[in-house]
Amino acid sequence: MRTSLVDFHCHLDLYPNFPGVLMECERAGVHTLGVTTTPRAWPRNRDLAATCQYVRPALGLHPQLITERSEELALWESYLPQARYIGEVGLDGRAAYSGSIDLQEDVFEHMLKLCARAGHKMLTVHSPMAVARVLDKIEMHLPAGRGHVVLHWFTGGWHEAQRAAELGCYFSVNAEMLNSTRHRKLAATLPLDRILTETDGPFCRHDGRPAYPHDVSMVVELLAEARSMEPQAVASAVLSNLCHLEETS
Ligand code: MN
Numbered sequence: 003m004r005t006s007l008v009d010f011h012c013h014l015d016l017y018p019n020f021p022g023v024l025m026e027c028e029r030a031g032v033h034t035l036g037v038t039t040t041p042r043a044w045p046r047n048r049d050l051a052a053t054c055q056y057v058r059p060a061l062g063l064h065p066q067l068i069t070e071r072s073e074e075l076a077l078w079e080s081y082l083p084q085a086r087y088i089g090e091v092g093l094d095g096r097a098a099y100s101g102s103i104d105l106q107e108d109v110f111e112h113m114l115k116l117c118a119r120a121g122h123k124m125l126t127v128h129s130p131m132a133v134a135r136v137l138d139k140i141e142m143h144l145p146a147g148r149g150h151v152v153l154h155w156f157t158g159g160w161h162e163a164q165r166a167a168e169l170g171c172y173f174s175v176n177a178e179m180l181n182s183t184r185h186r187k188l189a190a191t192l193p194l195d196r197i198l199t200e201t202d203g204p205f206c207r208h209d210g211r212p213a214y215p216h217d218v219s220m221v222v223e224l225l226a227e228a229r230s231m232e233p234q235a236v237a238s239a240v241l242s243n244l245c246h247l248e249e250t251s
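Residue numbers (the working numbering): 3 to 251.
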């Protein structure tokens, strides 16, 4: 039997036909984490995923939206007891968001502390141009054993990847990473037992259209090629990593 695929970071609620995409994940048997960018989206994501076997909802507050939405942190906090998966959260250190970086750090730190206190959460974390700062926060506020972090679309260097792995982090790899020479080389060296796959749809594209969760099969193929493995072996490793992550969270 074909191994079920894993899309650990997809914005299901940003497709025009959210319920249809969700049903397609169920039909195709793709284990999909539906992330949110604002806690206002949580109730609908939670309710639609409630009857799903393969789709899980994640409670997020995107760092790029912090300037306009920092007051939604209280709402995020009020839903936290309902959520096992958290994201999209994190830091964005790129120039366009540098004005809010202090606020982003305060919010992320607060979230990590609450997750650590609650325990058993799995977080999908955004970190462009802010990997060291994200890892510092995780090291200080979400000790191993109090929660699990998956670094989504990781773009740090080899030393940062090694530090992240030592802190217990996982990495979710997407097609855009594997289409960049530098990031493909990095993806080839990440510990196999810490790798998950993702589409980051609909932001990442596939064949000139927004990527859908089932397109994660391409990520498996590209990753297999980068690591000189059989796609089936990569798919099995990813599924077993997801099971391990869930069992130990
Ligand atoms: Mn995303």
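We put the CB at the ideal spot given by N, CA and C, even for glycine.
Nearest to glycine 36 by alpha-carbon distance, out of Thr191, Gly22, Cys12, is Cys12. Taking alanine 146 as the centre and dropping the five residues before and after it, the same chain places the C-beta of Gly170 closer than 6 Å to its C-beta, in chain order.
Under a 10 Å Cβ-count criterion, glutamate 90 is classified as buried, with 16 or more other Cβ atoms of the shown protein chains found around its own Cβ. The beta carbon of glutamate 90 sits closer than 6 Å to at least one heavy atom of the ligand MN. Closest option to leucine 50, judged by alpha-carbon separation, among Glu73, Ala228, Phe20: Phe20. Separation of the CB atoms of glycine 101 and lysine 123 is rounded to 29 Å, and the pair is thereby denied contact status at 8 Å. In this structure, the C-beta of aspartate 202 approaches the ligand MN to less than 6 Å from one of its heavy atoms. A distance below 7 Å between beta-carbons, with the five flanking residues on each side excluded, links isoleucine 68 to the following residues of its chain, in chain order: Ser102, Leu105, Gln106, Val109. With a threshold of 16 other beta carbon atoms within 10 Å, proline 18 falls short and is exposed. In this chain, valine 127 is not harboured by any alpha helix (DSSP H); it is covered by the beta strand (DSSP E) spanning 123-128.
Following the DSSP letters along the chain, one finds valine 136 inside the alpha helix (DSSP H) bounded by residues 133-143. Proline 212 carries a strand assignment under DSSP once its states are collapsed to helix, strand and coil. In this structure isoleucine 88 is not in contact with alanine 43, their Cβ atoms being roughly 13 Å apart against a cut-off of 8 Å. If you check the CB distance, phenylalanine 173 and leucine 192 come in under 7 Å. Put simply, of His112, His128, Arg86, Arg135 the residue whose alpha carbon is nearest the alpha carbon of threonine 250 is Arg86.
In the displayed model, glycine 203 falls within coil according to three-state DSSP, outside both helix and strand. Residue range 33-36 is occupied by the beta strand (DSSP E) that includes glycine 36. Per the C-alpha coordinates, the member of Ala167, Arg184, Met142, Val151 positioned closest to threonine 157 is Arg184. The three-state secondary structure of glutamate 232, taken from DSSP, is coil.
Here glycine 62 is buried: its Cβ has 16 or more other Cβ atoms, across all protein chains shown, within 10 Å.
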